[in-house]
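Just so you know, we're using my numbering here: the sequence shown kicks off at 101 and counts up by one.
Each residue gets a CB set at the ideal place from its N, CA and C atoms; glycine is no exception.
Since the structure is predicted, the reported quantities are computational estimates derived from the model, not experimental observations.
Below you'll find the structure, written out as structure tokens, and then a few comments.
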Amino acid sequence: MPTSTEQKRILVISKNPTLESSINSAIKGQTEFLMLESPNLAKGILPTIAELQPDVILLDYEYQARGFFDLVDKIATEYPGSAVIVILPESEMSNSERVILSGARTFIVNPFKQENLLTTVRRVMELMVRNQTGSVQPTLNVLARPKNTFTVFSPKGGAGTTTVATNLAISLNKVMREDVLLVDGKYLFGHVALCLNLRTANSLTDLITHVGMLDQRLIKQVVVRHISGINVLPSPNSISEAQGIRPDDLFKVIQALQQVYPNIIIDGGSHLNENTVTYMDSSDKVLVVLNPDLASLRDVRQFMEISQTLSYPPGKIFFILNLTGRKADVKREEIENILKMKIFGKIPADENSALSSLNEGVPLVLKNPNHPISSAITDIAKDLAKLIKKANQDYLESHKVETSEILTKSSKLG
Numbered sequence: 101m102p103t104s105t106e107q108k109r110i111l112v113i114s115k116n117p118t119l120e121s122s123i124n125s126a127i128k129g130q131t132e133f134l135m136l137e138s139p140n141l142a143k144g145i146l147p148t149i150a151e152l153q154p155d156v157i158l159l160d161y162e163y164q165a166r167g168f169f170d171l172v173d174k175i176a177t178e179y180p181g182s183a184v185i186v187i188l189p190e191s192e193m194s195n196s197e198r199v200i201l202s203g204a205r206t207f208i209v210n211p212f213k214q215e216n217l218l219t220t221v222r223r224v225m226e227l228m229v230r231n232q233t234g235s236v237q238p239t240l241n242v243l244a245r246p247k248n249t250f251t252v253f254s255p256k257g258g259a260g261t262t263t264v265a266t267n268l269a270i271s272l273n274k275v276m277r278e279d280v281l282l283v284d285g286k287y288l289f290g291h292v293a294l295c296l297n298l299r300t301a302n303s304l305t306d307l308i309t310h311v312g313m314l315d316q317r318l319i320k321q322v323v324v325r326h327i328s329g330i331n332v333l334p335s336p337n338s339i340s341e342a343q344g345i346r347p348d349d350l351f352k353v354i355q356a357l358q359q360v361y362p363n364i365i366i367d368g369g370s371h372l373n374e375n376t377v378t379y380m381d382s383s384d385k386v387l388v389v390l391n392p393d394l395a396s397l398r399d400v401r402q403f404m405e406i407s408q409t410l411s412y413p414p415g416k417i418f419f420i421l422n423l424t425g426r427k428a429d430v431k432r433e434e435i436e437n438i439l440k441m442k443i444f445g446k447i448p449a450d451e452n453s454a455l456s457s458l459n460e461g462v463p464l465v466l467k468n469p470n471h472p473i474s475s476a477i478t479d480i481a482k483d484l485a486k487l488i489k490k491a492n493q494d495y496l497e498s499h500k501v502e503t504s505e506i507l508t509k510s511s512k513l514g
């Protein structure tokens, strides 16, 4: 089990000397990693893993063509403390989802840059340590409590993340009839409070400065209630406050918020940094907003490459197509073919209505619920609500099984 201070043990399983050499040259110069010697696999992969106890296994997809996914599943099941990262040939990208579903933490496409490999390994180790810190390991195989947290992000500025996040939070609140918290994650120049005509000195900084003593009372003192019924955590009031926020503190704040609010929408903006990634790490889904133009598509494709190094499975990313319906737009079908993923929802363009809503500080779903934009966002909220309800139901069902097993064992003990 890795800790945040000890060297991480890296095991490479490959028959490709060129690939092994490339990995070795990237890893060996890094003091936080211990590169294990190339193993003699004559006795089998699983016994070798049992003997060496690596923290990370870099497994070449081409090592064992037949039964590869079963192998990944066995490693992940029998040695959960060893994170499997699959080295996936570019020609096999169509199998990326199967790789993740088999139990690999993530994959990296070969050929790769050495810095991308290091970023991927570090990210996987960071997530493993973070998940272990302060957590109570369940004794039975039950699902973790769903976080019901969604980060709205776009790699392209001006795509409309704030408009989408704000209106989506209000719509989700109406659909779910449960508390929804809207977090302004844009530390520099956040506009959530402006969109909602909220005037308050309260902000995320008030929670960051008390990160060691967060409780429900303090959180509810800082979070602001909006007339629509949603709860809002505005962005820091100054650049100096925003620059002092560290990812570790932010992660603790998000965890505390998730204990208080059953549903959270985060406006992640368009600037990718450590804190934005922390929001994404803490979320069940990342809702990527894109526009139907080539510049937006290019940026989204680059973000998808980055998301692979962040250990995000394909199912964590959902696409929302914003500002649709113009003559020059790239068609939805073309976008789905390029991204190799389905669009989760689409929102029509009406820049005059959107701008008027912003200037008035009244979200469009409140100002004009029957507007096509409002209807589209409500449809997205309904689809999200279905996902939330299913996750909650699966969680409850898993705990019914757990309770039943505990009672059965107790009765046998007397």
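Just to confirm, is the Cβ distance from residue i to residue j under 8 Å?
i: residue 421; j: residue 438; result: no
i: residue 252; j: residue 365; result: yes
i: residue 323; j: residue 333; result: yes
i: residue 285; j: residue 367; result: yes
i: residue 278; j: residue 362; result: yes
i: residue 77; j: residue 354; result: No information on residue 77 is available, as it lies outside the stretch 101 to 514 that the chain covers here.
i: residue 498; j: residue 471; result: no
i: residue 271; j: residue 481; result: yes
i: residue 266; j: residue 296; result: yes
i: residue 152; j: residue 136; result: yes
i: residue 217; j: residue 123; result: yes
i: residue 383; j: residue 486; result: no
Between the options, which lies nearest to residue i when the distance is taken from Cα to Cα?
i: residue 200; options: 418, 460, 413; result: 413
i: residue 208; options: 161, 173, 249; result: 161
i: residue 463; options: 292, 335, 333, 280; result: 292
i: residue 489; options: 249, 187, 204; result: 249
i: residue 127; options: 300, 467, 112; result: 112
i: residue 458; options: 117, 218, 188, 263; result: 263
i: residue 228; options: 180, 166, 245; result: 180
i: residue 282; options: 312, 360, 186; result: 360
i: residue 254; options: 487, 407, 469; result: 407
i: residue 428; options: 410, 393, 343, 166; result: 393
Identify, in the order they occur along the chain, each residue of the same chain with its Cβ nearer than 6 Å to the Cβ of residue i, setting aside the five sequence neighbours on each side.
i: residue 418; result: 385, 387, 444
i: residue 120; result: 112, 114
i: residue 520; result: Outside the shown range of the chain (101 to 514) lies residue 520, about which nothing can therefore be said.
Under DSSP, the beta strand (DSSP E) around residue i begins and ends at which residues?
i: residue 331; result: 331-333
i: residue 363; result: 363-369
i: residue 352; result: Taken as a continuous stretch (DSSP letters only), residue 352 belongs to no beta strand (DSSP E), being part of the alpha helix (DSSP H) at 347-360.
i: residue 208; result: 206-210
i: residue 279; result: From DSSP, residue 279 is part of no beta strand (DSSP E); its letter is neither H nor E.
i: residue 159; result: 156-160
i: residue 250; result: 249-253
With DSSP run on the structure shown, which of helix, strand or coil describes residue i?
i: residue 135; result: strand
i: residue 216; result: helix
i: residue 240; result: Residue placement at residue 240 is poorly supported in this model, since its pLDDT is 40, which falls under 50; the coordinates still yield a value, given next. Residue state, collapsed to three classes: coil.
i: residue 342; result: helix
i: residue 445; result: strand
i: residue 417; result: strand
i: residue 184; result: strand
i: residue 327; result: coil
i: residue 389; result: strand
i: residue 111; result: strand
i: residue 309; result: coil
i: residue 375; result: helix
i: residue 246; result: coil
i: residue 272; result: helix
i: residue 422; result: strand
i: residue 469; result: coil
i: residue 189; result: strand
i: residue 317; result: helix
i: residue 264; result: helix
i: residue 287; result: coil
i: residue 221; result: helix
i: residue 412; result: coil
By Cβ distance, which residues of its chain are closer than 7 Å to residue i, with the 5 residues on each side in sequence left out?
i: residue 169; result: 198, 202
i: residue 241; result: Model confidence at residue 241 stands at a pLDDT of 47, short of 50, so the residue's coordinates are unreliable; what they give is reported in the following sentence. Nothing meets the Cβ criterion.
i: residue 416; result: 385, 386
i: residue 163; result: 113, 114, 115
i: residue 357; result: 281, 319, 364
Excluding the 5 residues preceding and the 5 following residue i in the sequence, name in chain order all residues of the same chain whose CB lies nearer than 8 Å to its CB.
i: residue 425; result: 448, 449
i: residue 108; result: 102, 132, 133, 134, 155, 156, 221, 225
i: residue 256; result: 370, 390, 391, 395, 396, 399, 400
i: residue 188; result: 161, 195, 196, 199, 207, 208, 209, 210
i: residue 345; result: 287, 304, 305, 308, 336, 375
i: residue 175; result: 145, 146, 149, 157, 159, 182, 184, 203
Could you spell out where the alpha helix (DSSP H) holding residue i opens and where it closes?
i: residue 399; result: 394-409
i: residue 146; result: 145-152
i: residue 432; result: 432-439
i: residue 198; result: 196-201
i: residue 300; result: It is not in any alpha helix (DSSP H) - residue 300 carries neither H nor E in the DSSP assignment.
i: residue 454; result: 451-460
i: residue 120; result: 117-127
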